[in-house]
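**Student:**
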């Protein structure tokens, strides 16, 4: 018997409403509706257009109701760190700031006027990133913050719209830099530093919590009358890692998209001086597993290059850029993708060109050369991150699972296998939506465990394997990359 679920997967570029059908041990996903996620730039600030996302979410639910399916449940996942403020009546307090808004610099200043980095890390186990929720809340206008009865992550806000129940799901809470993963509760010290109260953040619930039935307005839609709202993994990375089709030991994951998130699953947080100095993070996933990982500025670099070229009348899809990159000269120019200058530059190709001049490298002279520089540099950064993971845990990474949209980039997958000198298994592409659906199935008792869910992924999604080669050239390039890391001091 087929069972149907709905997953709303909100990303930094777009969102999708996906149906997931579980039947005879396999899962099939179908995109029902796509909604653009275009930030609003106003008065030197960058905001999310939450009303437009809400309209798109509702349109997606109407599309779901026209499929003829009866849905057992629905859940929303989103990117981390950003949040909405709600007043005492549950109404949105605008604007909803974007994590790339420039105000985060003031938030960093305010936090470190009250405490130091060692204390922040010891309390939260999260890496330093100026965009983290701690710094965003510290940058808020105090009177606006006082008006807020609730602070909800983006995914949890959409689950609230669907259920009328406002809870903070653990995987998303663990990205806020307000949660203590050792004590497994909000950090009172960080709440005080951010200037927020615990009641504003509310109760934390574990991934896979059934919140309740859909609100009455949604229950009138065909196919949704019996649906329950599940706080699946509200953080998209948590959902994606739940769908990593891994077995046994010796594996790491790379969730590849706008951001690259590379890490391991661990039974307990690693809150040590070495972890702090290497700038790793401890987030929490399904079943309370720790995701020891590092956030890396991933395909954002290519996305921003494409936007720049489009402004100049040059349009490239990702396949075209990969083809052009494959034809460009290897290792002609390298960059450090995690250098802060590439976080939000006015023009990405210009920022890369300036970096190459600063580091006495040839400036890329074509879109293919820029793309090759970005892809090779990302692969080398993955190698550097893998080496740090092994240093932190003392355990070898014998193969890497790449999931998410970036797993479609066969050139980058091959570069990654070559750079790490280990096998790479790519897929599933729709790991986030798949993980969202599978955690819903576990929550409703339709699957017994995460292990069973990962068995479903293996049966449902063909994986492509990439084998390492060209070791000498990549080893030499890594030496160059290490010197650039020292130059960038990251």
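In the numbering used here, the protein residues as written are 159 to 648.
C-beta atoms are modelled at their ideal positions from N, C-alpha and C, and glycine is treated no differently.
Because the structure is a prediction, the values reported are computed rather than measured.
(1) At the level of alpha carbons, what is the spacing between residue 550 and residue 639?
(2) Please go through the same chain and pick out, in chain order, the residues whose beta-carbon is closer than 6 Å to the beta-carbon of residue 371, but skip the five residues on each side of it.
(3) Output needed for residue 373: all residues of its chain with C-beta closer than 7 Å, excluding positions within five of it in sequence on either side, in chain order.
(4) According to DSSP, which residues form a beta bridge with residue 283?
(5) When we look at the beta-carbon of residue 515 and count the other beta-carbons within 10 Å, is it buried (16 or more) or exposed?
(6) Here's the rule I'm using: 16 or more other beta-carbon atoms within 10 Å means buried, otherwise exposed. How should residue 275 be labelled?
(7) Identify, in the order they occur along the chain, each residue of the same chain with its Cβ nearer than 8 Å to the Cβ of residue 571, setting aside the five sequence neighbours on each side.
(8) State the start and end residues of the unbroken alpha helix (DSSP H) segment that holds residue 262.
(9) Cutting at 6 Å between CB atoms, please list the residues of its own chain near residue 434, excluding the five before and the five after it.
(10) DSSP beta-bridge partners for residue 185?
(11) In terms of alpha-carbon separation, which member of 446, 403 and 209 lies closest to residue 424?
(12) According to the neighbour-count rule (16 or more other Cβ atoms, all chains shown, within 10 Å of its Cβ), is residue 254 buried or exposed?
(13) Decide if the stretch 292–309 is in contact with the stretch 259–269; the criterion is three or more beta carbon pairs, one per stretch, under 8 Å apart.
(14) Once you ignore the five residues that flank residue 343 on each side, which residues in its own chain have a CB closer than 8 Å to its CB?
(15) In terms of residue numbering, what span does the alpha helix (DSSP H) encompassing residue 632 cover?
(16) Between which two residues does the alpha helix (DSSP H) holding residue 507 run?
(17) DSSP three-state call for residue 351: helix, strand or coil?
(18) DSSP three-state call for residue 208: helix, strand or coil?
(19) CB-CB under 7 Å to residue 580, same chain, minus the five flanking residues each way: which ones, in chain order?
(20) Look up residue 568 in the DSSP assignment and give the residues it is bridged to.
(21) Is residue 405 buried or exposed, if buried means 16 or more other CB atoms sit within 10 Å of its CB?
(22) Would you report the Cα separation of residue 384 and residue 599, rounded to the nearest angstrom?
(23) What separation, rounded to the nearest whole angstrom, lies between the Cα atoms of residue 252 and residue 243?
(24) Assign residue 563 to one of three DSSP states: helix, strand, or coil.
(25) Which value, in whole angstroms, describes the spacing of the CA atoms of residue 428 and residue 438?
(26) Could you check the C-alpha separation between residue 510 and residue 465 for me, to the nearest Å?
(27) Determine contact between the stretch 167–177 and the stretch 185–195, defined as no fewer than three beta-carbon pairs at a distance below 8 Å.
(28) With DSSP as the reference, please indicate the residues paired to residue 337 in a beta bridge.
(29) Would you please state the rounded distance, in angstroms, between the beta carbons of residue 365 and residue 390? I believe it to be under 8 Å.
**Tutor:** Let me spell this out:
(1) Taking the straight line joining both Cα atoms gives about 21 Å.
(2) Around residue 371: 386.
(3) Cβ within range, chain order: 320, 321 and 322.
(4) Paired residue(s): none; residue 283 is not in a bridge.
(5) Residue 515 comes out exposed.
(6) Exposed.
(7) Closer than 8 Å at the Cβ level, and outside the excluded window around residue 571, lie 560, 565, 582, 584, 622 and 624.
(8) Boundaries of the alpha helix (DSSP H) around residue 262: 262–272.
(9) Non-local beta-carbon contacts of residue 434 in its own chain, meaning distances under 6 Å to residues more than five positions away in sequence, involve 279 in chain order.
(10) Answer by DSSP bridge pairing, in chain order: 180.
(11) Checked all of 446, 403 and 209; the closest Cα to residue 424 is 446.
(12) Buried, since its Cβ has 16 or more Cβ neighbours within 10 Å.
(13) As far as the Cβ criterion goes, the stretch 292–309 touches the stretch 259–269, which means the pair count is three or higher.
(14) Residues 337 and 362 of the same chain have their beta carbon placed closer than 8 Å to that of residue 343, with the five preceding and five following residues left out of the count.
(15) Note, residue 632: alpha helix (DSSP H), 629–646.
(16) From DSSP, the alpha helix (DSSP H) with residue 507 extends over 506–516.
(17) In the three-state reduction of the DSSP assignment, residue 351 falls in the helix class.
(18) Helix at residue 208.
(19) Closer than 7 Å at Cβ, skipping near neighbours: 555, 556, 557, 558 and 626.
(20) As far as DSSP is concerned, residue 568 takes part in no beta bridge.
(21) Classification of residue 405: exposed, given that the 10 Å Cβ count is below 16.
(22) Taking C-alpha positions only, residue 384 is separated from residue 599 by approximately 15 Å.
(23) Rounded to the nearest whole angstrom, the CA to CA distance from residue 252 to residue 243 is 8 Å.
(24) DSSP, reduced to helix, strand and coil, places residue 563 within a helical segment of the structure shown.
(25) Straight through space, the alpha carbons of residue 438 and residue 428 are spaced by roughly 9 Å.
(26) Between residue 510 and residue 465, the C-alpha separation is close to 14 Å.
(27) Touching, yes.
(28) The partner list for residue 337 (beta bridge, DSSP) reads 344.
(29) Contact between residue 365 and residue 390 holds, with the beta-carbon distance rounding to 6 Å and staying under 8 Å.
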